[in-house]
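Novice: According to mature numbering (1 follows the signal peptide of the UniProt record, and there is no 0), the stretch in the sequence shown is residues -26 to -1, 1 to 678, in order. Beta carbons: idealized from backbone N, C-alpha and C, even for Gly. One structure, pasted below without further comment.
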Amino acid sequence: MTIAVRLRTLALASASALVFATPGFAQQAAAPTAEETSTLEPITVLATKTKEETIGAKAAVSSLREKDLARIGPRRVSDVFEALPGVDATQEEPDDPATSISIRGLQDFGRVAVIVDGARQDYQRSGHNANGMFYLDPEMISSVDVVRGPVANVYGSGAIGGVVSIDTKTADDVIKAGEKAGVLFNGSAASNTGELMGSTFVGARAGDAADIVIGGVKRHSDSYDDGDGDKVQDSGQSIESGMAKLRIRPADGHELTFSGLVYGADYTNGAWGPPARRVKHDVDQKQASVKWTFASPDNPLIDLSTSAYWTRTEDDQERLTPGAFGAAAGTNLFFKIDTVGADIHNSSRFTTGEVENTLTYGADVFRDKVHVEDSAGTNDLFTPTGERTVSGGFAEWQARYHWLELIGGLRYDHYQLKGDGKKADGGRLSPKGTVAVTPLPWLSVYGTYAEGYRAPSVTETLISGTHPAVIPGVPGSTFDLLPNFDLKPEVGRTKEIGVNVKRDGVFVAEDKVRLKANVFQNDVTNFIDLAERPGTPFQLFPGGPFITIPNQTYDNIAKARIKGFELEGQYDMGRVYGLLAYAYQHGRNKENGGDLISVQPQKLSTTIGFRAFDERLDAGVRWTWYGKRDATDSSLGSFGDSALVKAPSFNRIDLYGSYAISEAATAYLNLNNVTDKKYTRYLAADASPGFVAKAGLKVRLGMK
């Protein structure tokens, strides 16, 4: 679809939203009351696969819901995680819409499990970018839950850093109680980036028996200016997304969910130069999943969930300029990864004396199949073709006795990897234990020890090939990337002490305080990172001295240690509210004493907001501070770029506001980086946008 057609579509969507916002149509829509929007506690299943309030979870869990996402006004998925402690979106390059998540300094190759509608996102391609990413439009998101640390190993193998679970919209986001059908429009336009976005979601409900939602998003942006007014090349994209979700409830306690997602993006980016190399990308991602749950109304021993999913991500690339090793302009590259998986688990609840017990047990399996083609270069060696199958089973017991809670669990993981005519496999049993006490009704204190297990990926094991010359004009200034079939799996051992506070009526009768804080230490043995191997000497110029650039291979570091402190708080008294998030983390390579490059700098985010006119108006200011990051030279080897691991601290101020024009229509405004400051995120190659103003209108109509 051409850009002109897309813009006409966005204009029509915006015009439709304005028409339907008239009072006559608005009478059909029932807006949630102030009590409904401000008092409900978010519920999560992420820590233990059993429902509990996020504030009550005995783990470092954070949740974002519709009102939180509305305040953020995300332009891309990475914006969603800015106000969460210990969580950073590191694939923040303006010329790539992909997102990569770092939790507590761990990222890449599945160290953070990203799950969208129950499906793992395991796409990876080698290069000067994160080694693990996913594609999703933020307009599709209904809720986000994050657990930090391997405490959530019930969600599958590999997540020694944590788990991010994203649920897309359901019919409940479009249809209110008592309605049979509904439609949700959203349209926005932004300065600087020139972004235009339009989305439509349509839902229908057949009583309690079934509901469905179908929707789509179109988004186009141009290259933006940084805070100094300099244009950031290739920072614009064209993105189209679609989804459908059907839920059927054939009998009491049963629910069957079918979900499908499609995503397409067109964009151009380039490798570091000189010489500059530009590549055009056509990304196509498809996802399908099915889930069946049965919570027996008569038998507390049966609360069953089964699911299966398939995700395919394809990146069809075309070189716009000559590439390395003589690859001509116009030649193509193709990356594809298919992930299929299944999960089954059950929770049995019973009481012994005064002890409430929950026993959760299950199994899961997934397979990653990687296929790469390069008609003229060596990218099929850097991201090699191969296959990995990972499976596991777990059992977890929770016991509550008045003020005491105990959680104990075991998980066994097994993996098999094959490619290039070779095979590797392994397995391990990982324990988990938590002791929590509630000395006061509003205060809980817990201590946790949890282990996680991550198998080597296809790329880490099979990567091979010669890196292009690192010194322009000197053909010999290359190095080789070497395979390593002797890689051992990583094991993360986390110790954590945390505090949860949930108290109402602290200063006035209607206020509430929510606080989660923790300190942690994660010791990772056999941590997999790039390591040096002897290289081949070469001359800078004829008759000159010989120098050597070491070759590189993925190898096991004896031990890496990451420790830190996290704080997340909320104070809400109705008219005025405040949010606070802070994280400090430090990672050390225990073998050579160097810093771990992947560990992000300190981050502090504060929000002060107010509500007025019967909560029709919600506005506020958000201040975000990122600390200085200066990794030691011993952490770089010869493969790192010292310019990227030395980042100064910076401040950013954002303003937001929304006003409910009627029960059906809400206008909103987001002013980001209001001081127009130039800043570059840690590990990013390009500066982030300068001042951006985004205005939009959201309209929801319902039919009873």
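Which residues share a DSSP beta bridge with Asp185?
Specialist: Answer is Arg179 and Arg221, bridged to Asp185.
Novice: Can you have a look at Gly670 and say buried or exposed, based on whether 16 or more other CB atoms are within 10 angstroms of its CB?
Specialist: The residue is buried, with at least 16 neighbouring Cβ atoms inside 10 Å.
Novice: Going by C-alpha distance, which of Thr408, Arg385 and Asn320 is nearest Leu378?
Specialist: Checked all of Thr408, Arg385 and Asn320; the closest Cα to Leu378 is Thr408.
Novice: What's the C-alpha gap between Gln544 and Ala126?
Specialist: Roughly 24 Å between the two C-alpha positions.
Novice: Which whole-angstrom value is the C-beta distance of Gly336 and Ala269, which I expect to be below 8 Å?
Specialist: No, Gly336 and Ala269 are not in contact; Cβ-Cβ is about 15 Å, not under 8 Å.
Novice: Going by C-alpha to C-alpha distance, which of Pro68, Pro59, Gly426 and Ile213 sits closest to Pro112?
Specialist: Of Pro68, Pro59, Gly426 and Ile213, the residue nearest in Cα terms is Ile213.
Novice: Considering only the alpha carbon of each residue, which of Asn306, Leu504, Val364 and Asp290 lies closest to Pro296?
Specialist: Looking at the Cα atoms, Asn306 is the closest of the given residues.
Novice: Between which two residues does the beta strand (DSSP E) harbouring Thr499 extend?
Specialist: Looking at the DSSP string, the run of the beta strand (DSSP E) that includes Thr499 is Lys486 to Arg507.
Novice: If you run the structure through DSSP and keep just helix, strand and coil, what is Tyr427?
Specialist: In this structure, Tyr427 counts as strand in the three-state DSSP scheme.
Novice: By the 10 Å Cβ neighbour count, where 16 or more other Cβ atoms means buried, how is Ile471 classified, buried or exposed?
Specialist: Exposed, by the Cβ-count rule.
Novice: Is it buried or exposed for Phe481, if we count other Cβ within 10 angstroms and need 16 for buried?
Specialist: Label assigned to Phe481: exposed.
Novice: Comparing C-alpha positions only, which one of Tyr630, Lys260, Tyr656 and Pro224 sits nearest to Gly234?
Specialist: It is Lys260.
Novice: Below 8 Å, can you find three or more Cβ-Cβ pairs linking the stretch 156 to 169 to the stretch 657 to 669?
Specialist: Because the criterion of three Cβ pairs below 8 Å is met, the stretch 156 to 169 and the stretch 657 to 669 touch.
Novice: Quick one: Cα of Ala151 to Cα of Gly676, how far?
Specialist: Each residue's alpha carbon lies about 10 Å from the other.
Novice: Straight-line CA distance for Ala31 to Ser572?
Specialist: Rounded to whole angstroms, Ala31 to Ser572 spans 27 Å at the Cα level.
Novice: Nearest-angstrom Cα distance between Asp342 and Gln574?
Specialist: Looking at the two C-alpha atoms, the distance is approximately 28 Å.
Novice: With a cut-off of 8 Å on the beta carbons, I'd call Arg488 and Ala534 a contact; round off their distance for me.
Specialist: So it is not a contact: roughly 33 Å between Cβ atoms.
Novice: Unbroken alpha helix (DSSP H) runs of length 4 or more, entirely within the stretch 519 to 593: which are they?
Specialist: Whole alpha helix (DSSP H) segments, 4+ residues: zero.
Novice: Go ahead and label Glu9 buried or exposed: buried means 16 or more other beta carbons lie within 10 angstroms of its beta carbon, across all protein chains shown.
Specialist: Interpretation of Glu9 is limited by its pLDDT of 38, a score under 50 that renders its predicted location unreliable; no figure is taken from the coordinates.
Novice: Which residue wins for smallest C-alpha separation from Asp290, given the options Asp348, Leu333 and Tyr283?
Specialist: Of Asp348, Leu333 and Tyr283, the residue nearest in Cα terms is Asp348.
Novice: When you compare only the Cα positions, how much space is there between Tyr645 and Leu629?
Specialist: The sequence given here places Leu at residue 645; Tyr does not occur at that position. Cα to Cα, the separation comes out at about 5 Å.
Novice: Quick check on this structure: which residue in Ile17, Gln559 and Ala133 has the alpha carbon closest to the alpha carbon of Glu464?
Specialist: For the residues Ile17, Gln559 and Ala133, the minimum Cα distance to Glu464 belongs to Ala133.
Novice: Using 8 Å for Cβ pairs, my map puts Gly400 next to Ala429. What's the rounded Cβ distance?
Specialist: Contact flag correct, Cβ pair sits at about 7 Å.
Novice: In the DSSP assignment, find the unbroken alpha helix (DSSP H) run with Val314 in it and report its ends.
Specialist: Where Val314 is concerned, there is no enclosing alpha helix (DSSP H), although the beta strand (DSSP E) it sits in stretches over Asn306 to Thr326.
Novice: Can you name the start and end residues of the alpha helix (DSSP H) that Arg45 belongs to?
Specialist: Per DSSP, Arg45 belongs to the alpha helix (DSSP H) from Glu40 to Ile46.
Novice: Could you please give the first and the last residue of the uninterrupted beta strand (DSSP E) stretch that includes Leu671?
Specialist: Val666 to Met677 is the extent of the beta strand (DSSP E) around Leu671.
Novice: Whole angstroms are fine: how far does the CA of Asn105 sit from the CA of Phe83?
Specialist: So the alpha carbons of these two residues sit roughly 6 Å apart.
Novice: Just confirm the distance between the C-beta atoms of Gly238 and Asp208, as a whole number of angstroms; I'd bet it's less than 8 Å.
Specialist: Wrong, their Cβ atoms sit about 18 Å apart, outside the cutoff.
Novice: Relative to the C-alpha of Thr313, which candidate in Asp256, Val344, Glu40 and Val550 has its C-alpha closest?
Specialist: Considering only alpha carbons, the answer is Val344.
Novice: Compute the beta-carbon to beta-carbon distance between Val673 and Ala638, rounded to the nearest angstrom, for a pair I have assumed lies under 8 Å.
Specialist: Between Ala638 and Val673 the Cβ distance is about 6 Å, and since that is below 8 Å, they are a contact.
Novice: With DSSP run on the structure shown, which of helix, strand or coil describes Gly227?
Specialist: Looking at Gly227 - three-state DSSP - the assignment turns out to be coil, as it is neither helix nor strand.
Novice: If you draw a straight line from the alpha carbon of Ala505 to that of Gln495, how long is it in whole angstroms?
Specialist: In a straight line, the C-alpha of Ala505 is about 24 Å away from that of Gln495.
Novice: Measure the alpha-carbon distance for Arg252 versus Gln81 and round it to whole angstroms.
Specialist: Cα to Cα, the separation comes out at about 26 Å.
Novice: Taking the beta strand (DSSP E) that Leu391 falls in, what are its first and last residues?
Specialist: Its beta strand (DSSP E) spans residues Leu378 to Gly393.
Novice: For Arg467, which option in Ala424, Glu292 and Met171 has the closest C-alpha, if you only look at C-alpha atoms?
Specialist: The shortest C-alpha separation from Arg467 is found at Ala424.
Novice: Could you tell me the distance, in whole angstroms, from the CA atom of Val473 to the CA atom of Met547?
Specialist: Rounded to the nearest angstrom, the two C-alpha atoms are 22 Å apart.
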